[in-house]
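Each position in the sequence shown, counted from 1, maps to that position plus 203 in the working numbering. Glycine included, every Cβ here is placed at the ideal spot set by N, Cα and C. Nothing here was measured: the structure is a model prediction, and the numbers come from that model.
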Amino acid sequence: MMYSMNPVRIGIVGGGQLGKMLAMEAKRMSMRVNILDPSEDCPASMLADEVIVSGFNDAEAVTRLAEMSDVVTYEIELADADLLERLERKGHRIRPPASALRIVQDKFMQKHVLRKNGIPVADFFPIKGMDDLHSIAGDIGYPLMLKAKKGGYDGRGNMLVKGDASMDRVKGFVGARGGWDAVYVERFVPFIKEVSVIVARSSKGEVVAYPVAENVHDNGILDTSIVPARIPEPLAERAREIAMDVIEALGGIGVFGVEMFVAKGSMGGRRDSGEGAGAYVHGYADEGEGDGYILVNEVAPRVHNTGHYSIEACNVSQFEQHIRAILDLPLVEPRMVCRAAAMVNILGNESIDGYYAIDGIERVMGMGARVHIYGKRSNRGRRKLGHVTILGDDIDSVIRAAMQIKSTIRLVSV
Ligand SMILES: Nc1ncnc2c1ncn2[C@@H]1O[C@H](COP(=O)(O)OP(=O)(O)O)[C@@H](O)[C@H]1O
Ligand SMILES: [Mg+2]
Numbered sequence: 204m205m206y207s208m209n210p211v212r213i214g215i216v217g218g219g220q221l222g223k224m225l226a227m228e229a230k231r232m233s234m235r236v237n238i239l240d241p242s243e244d245c246p247a248s249m250l251a252d253e254v255i256v257s258g259f260n261d262a263e264a265v266t267r268l269a270e271m272s273d274v275v276t277y278e279i280e281l282a283d284a285d286l287l288e289r290l291e292r293k294g295h296r297i298r299p300p301a302s303a304l305r306i307v308q309d310k311f312m313q314k315h316v317l318r319k320n321g322i323p324v325a326d327f328f329p330i331k332g333m334d335d336l337h338s339i340a341g342d343i344g345y346p347l348m349l350k351a352k353k354g355g356y357d358g359r360g361n362m363l364v365k366g367d368a369s370m371d372r373v374k375g376f377v378g379a380r381g382g383w384d385a386v387y388v389e390r391f392v393p394f395i396k397e398v399s400v401i402v403a404r405s406s407k408g409e410v411v412a413y414p415v416a417e418n419v420h421d422n423g424i425l426d427t428s429i430v431p432a433r434i435p436e437p438l439a440e441r442a443r444e445i446a447m448d449v450i451e452a453l454g455g456i457g458v459f460g461v462e463m464f465v466a467k468g469s470m471g472g473r474r475d476s477g478e479g480a481g482a483y484v485h486g487y488a489d490e491g492e493g494d495g496y497i498l499v500n501e502v503a504p505r506v507h508n509t510g511h512y513s514i515e516a517c518n519v520s521q522f523e524q525h526i527r528a529i530l531d532l533p534l535v536e537p538r539m540v541c542r543a544a545a546m547v548n549i550l551g552n553e554s555i556d557g558y559y560a561i562d563g564i565e566r567v568m569g570m571g572a573r574v575h576i577y578g579k580r581s582n583r584g585r586r587k588l589g590h591v592t593i594l595g596d597d598i599d600s601v602i603r604a605a606m607q608i609k610s611t612i613r614l615v616s617v
């Protein structure tokens with residue numbers, strides 16, 4: 204039952220573009236939206252009924268958010284899992300559960316839990332110092348990925364270590380992350396491409412998966428997604444299966460984004476390759492050589508940039524699906540309402556520090572593309588400022604359109 208005098212109240216930790224797009228869906232159903240964010244004029248603030256301006260680990264503020272909301276969700280991994288767990292114990296509804304956030308928040312723990320549950324991931328190793336680094340490199344060779352366990356995003360927590368890497372640079376990176384305990388090593392995956400699957404799970408255990416997106420990153424930050432991914436159908440089916448296994452393994456409730464590599468080789472080719480290998484040979488051992496196999500890179504316990512295409516290209520957006528899931532409403536089996544779609548991020552660049560204008564919007568709209576502007580007052584570095592989605596009848600034409608969009612949109616300092 205939905206009472207007009209007593210609308211459902213959603214609390215969101217984080218008021219960035221993801222919080223804003225969640226709020227837009229909530230507002231379609233006239234729900235109340237409470238936001239907690241350090242910045243008063245964050246993107247979601249323009250839709251929020253209430254903005255609590257505070258840090259994500261301010262216990263008093265997060266408690267206030269929970270007290271004024273029927274359900275609390277988050278759009279950012281930096282939400283405080285300890286605080287949310289305490290609120291859960293006091294009877295507040297936290298979705299996804301704090302336990303899922305806690306696992307995902309620490310990439311090393313995340314990999315460990317995924318592997319224990321038979322999910323295929325690249326080899327990873329704890330590391331205590333330079334000697335360990337050398338001995339791991341002796342075993343698996345260079346290059347390797349040094350990753351911050353916590354707090355990395357848009358590629359910022361990662362360092363690619365090559366054979367000729369300066370040891371001072373490595374030490375500098377580790378020091379800046381808080382020491383060797385704060386990092387771990389991952390095998391470098393020479394992937395064919397990167398793909399992702401948005402999945403949703405309800406409290407009743409119902410799980411649905413979106414079509415596979417193919418993603419192009421630029422220096423660790425998402426640039427373009429195209430859907431459906433150009434991979435063989437059995438591989439796409441496998442990717443969706445794996446993503447559903449992931450959200451189940453983590454006990455997620457809500458929408459998760461699962462980032463994956465299509466690694467070189469074939470699904471059958473990994474038969475003898477160590478722990479968890481059974482998971483990636485599952486079912487398709489006789490698939491042709493060279494189609495690649497799926498490895499999970501990382502999981503986001505939230506709506507995900509690579510799922511933005513679903514707003515226009517699917518019968519149900521990832522944002523509506525998330526709201527359904529966290530409110531124990533029925534999920535919708537997602538499917539595309541067009542043959543192909545591309546999403547292009549509008550990213551800031553280093554040369555623009557402060558106020559900016561976006562040029563080319565009119566021409567892009569003239570192409571029939573859908574423009575999303577997040578409303579961030581100023582830029583620093585390569586901030587995500589908006590995105591553009593284009594629908595089409597075939598993958599080649601949306602890729603051409605995406606390239607045209609990329610060359611049309613231009614950021615200018617003002
Ligand atoms: N083990 C790896 N092998 C090869 N490339 C990697 C590996 N891990 C990460 N990358 C590349 O770096 C990007 C960002 O890494 P990721 O771990 O997803 O960090 P973030 O949390 O910043 O998104 C990935 O999308 C991928 O392009
Ligand atoms: Mg990532």
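Close Cβ partners of residue i (< 7 Å) along its chain, the five nearest in sequence each way excluded
{"i": "Asp597", "result": "Arg542 and Ala543"}
{"i": "Ile602", "result": "Ile429 and Ala545"}
{"i": "His485", "result": "In this predicted model, His485 has a pLDDT of only 34, less than 50, meaning its place in the structure is not dependable; the value taken from the coordinates is given anyway. Same-chain partners within the cutoff: there are none."}
{"i": "Pro533", "result": "Arg527"}
{"i": "Pro393", "result": "Lys467"}
{"i": "Val567", "result": "Val574, Val591, Ile608, Thr611 and Ile612"}
{"i": "Ala560", "result": "Val615 and Val617"}
{"i": "Met370", "result": "Met333"}
{"i": "Asp475", "result": "Note on Asp475: pLDDT 38, under 50, position unreliable in the model; no value is reported."}
Cβ-based neighbour list, residue i, same chain, cut-off 6 Å, excluding 5 preceding and 5 following
{"i": "Ser581", "result": "Gly557 and Tyr558"}
{"i": "Lys320", "result": "Note on residue identity: the sequence assigns Asn, not Lys, to residue 320. Hits under 6 Å: Ala452."}
{"i": "Val386", "result": "Leu349, Ala351, Val377 and Arg380"}
{"i": "Val547", "result": "Thr427, Val591, Ala605, Ile608 and Lys609"}
{"i": "Glu389", "result": "Ala325, Phe327, Met348 and Lys350"}
{"i": "Ile514", "result": "Ser520"}
{"i": "Gly571", "result": "none"}
{"i": "Asp335", "result": "none"}
{"i": "Thr276", "result": "Ile215, Arg298 and Ile529"}
Residues bridged to residue i [DSSP beta-bridge criterion]
{"i": "Asp562", "result": "Arg613"}
{"i": "Leu550", "result": "Lys587"}
{"i": "Ile618", "result": "The structure shown does not extend to residue 618, since the chain is modelled only from 204 through 617, so no value can be given for it."}
{"i": "Cys144", "result": "An answer regarding residue 144 cannot be provided, because it is not within the stretch 204 to 617 covered by the chain."}
{"i": "Leu530", "result": "Note: Leu530 sits in no beta bridge, so no partner."}
{"i": "Arg212", "result": "Arg235"}
{"i": "Ser428", "result": "Asn418 and Met546"}
{"i": "Pro437", "result": "Note: Pro437 sits in no beta bridge, so no partner."}
Reference residue i, options the options, closest by Cα
{"i": "Val274", "options": "Phe259, Ile297 and Leu287", "result": "Ile297"}
{"i": "Lys374", "options": "Met312, Gly341 and Met333", "result": "Met333"}
{"i": "Glu280", "options": "Leu268, Gly222 and Met232", "result": "Gly222"}
{"i": "Asp326", "options": "Asp367, Ile343, Arg538 and Asp357", "result": "Ile343"}
{"i": "Ser610", "options": "Glu501, Pro300, Ile564 and Val535", "result": "Ile564"}
{"i": "Gly493", "options": "Ser513, Asp371 and Lys467", "result": "Lys467"}
{"i": "Pro300", "options": "Leu317, Ala282 and His315", "result": "Ala282"}
{"i": "Ala412", "options": "Leu268, Pro537, Met234 and Asp367", "result": "Pro537"}
{"i": "Arg231", "options": "Pro246, Pro210 and Val216", "result": "Pro210"}
{"i": "Ala618", "options": "Ile450, Val535, His420 and Val465", "result": "The question about residue 618 has no answer here: the residues shown for the chain are numbered 204 through 617."}
{"i": "Asn500", "options": "Asn260, Met271, Met234 and Val400", "result": "Val400"}
{"i": "Val402", "options": "Trp383, Met362 and Met447", "result": "Met447"}
{"i": "Val216", "options": "Met271, Tyr206, Asn237 and Met205", "result": "Asn237"}
{"i": "Glu228", "options": "Ile445, Leu550, His511 and Asp599", "result": "His511"}
{"i": "Arg583", "options": "Asp285, Leu550 and Gly214", "result": "Leu550"}
{"i": "Glu440", "options": "Gly423, Ile497 and Glu409", "result": "Ile497"}
{"i": "Gly218", "options": "Leu588, Arg235 and Cys245", "result": "Cys245"}
{"i": "Arg212", "options": "Val256, Glu263 and Glu270", "result": "Glu270"}
{"i": "Asp261", "options": "Tyr277, Ala247 and Leu286", "result": "Leu286"}
{"i": "Gly423", "options": "Arg372, Lys407, Arg359 and Pro431", "result": "Arg359"}
{"i": "Thr509", "options": "Pro431, Arg586, Asn518 and Met234", "result": "Pro431"}
{"i": "Arg585", "options": "Met362, Lys407 and Glu553", "result": "Glu553"}
{"i": "Met539", "options": "Asn518, Glu523, Ile555 and Gln524", "result": "Asn518"}
Distance cut-off 7 Å: residue i Cβ against heavy atoms of ligand 2
{"i": "Asn548", "result": "no"}
{"i": "Glu501", "result": "yes"}
Residue i CB to nearest heavy atom of ligand 1 below 7 Å
{"i": "Glu462", "result": "yes"}
{"i": "Glu389", "result": "yes"}
{"i": "Val392", "result": "yes"}
{"i": "Arg359", "result": "yes"}
{"i": "Met362", "result": "no"}
{"i": "His420", "result": "yes"}
{"i": "Tyr345", "result": "no"}
{"i": "Tyr512", "result": "no"}
{"i": "Glu278", "result": "no"}
Beta-carbon proximity list for residue i, same chain, < 8 Å, skipping 5 on both sides
{"i": "Glu397", "result": "Glu417, Asn418, Val419, His420, Glu462, Met463, Phe464, Val465 and Asn500"}
{"i": "Leu588", "result": "Ile549, Leu550, Gly551, Tyr559, Ile561, Ile576, Tyr577, Lys579, Asn582 and Leu614"}
{"i": "Gly477", "result": "Note that Gly477 has pLDDT 39, beneath the 50 cutoff, so the model's placement of it is unreliable and the number below is only indicative. So the list reads Asp326, once near-sequence residues are dropped."}
Test: residue i CB closer than 8 Å to a CB of chain D
{"i": "Leu250", "result": "Within the model displayed, chain D is absent; a lone protein chain is all it includes."}
Can you find at least 3 beta carbon pairs, one from the segment 291-303 and one from the segment 239-247, that sit closer than 8 Å?
no
Three or more C-beta pairs closer than 8 Å, one from the segment 426-439 and one from the segment 298-310: is that the case here?
no
Below 8 Å, can you find three or more Cβ-Cβ pairs linking the segment 448-468 to the segment 516-533?
yes
Between the segment 211-226 and the segment 245-258, do three or more beta carbon pairs fall short of 8 Å?
yes
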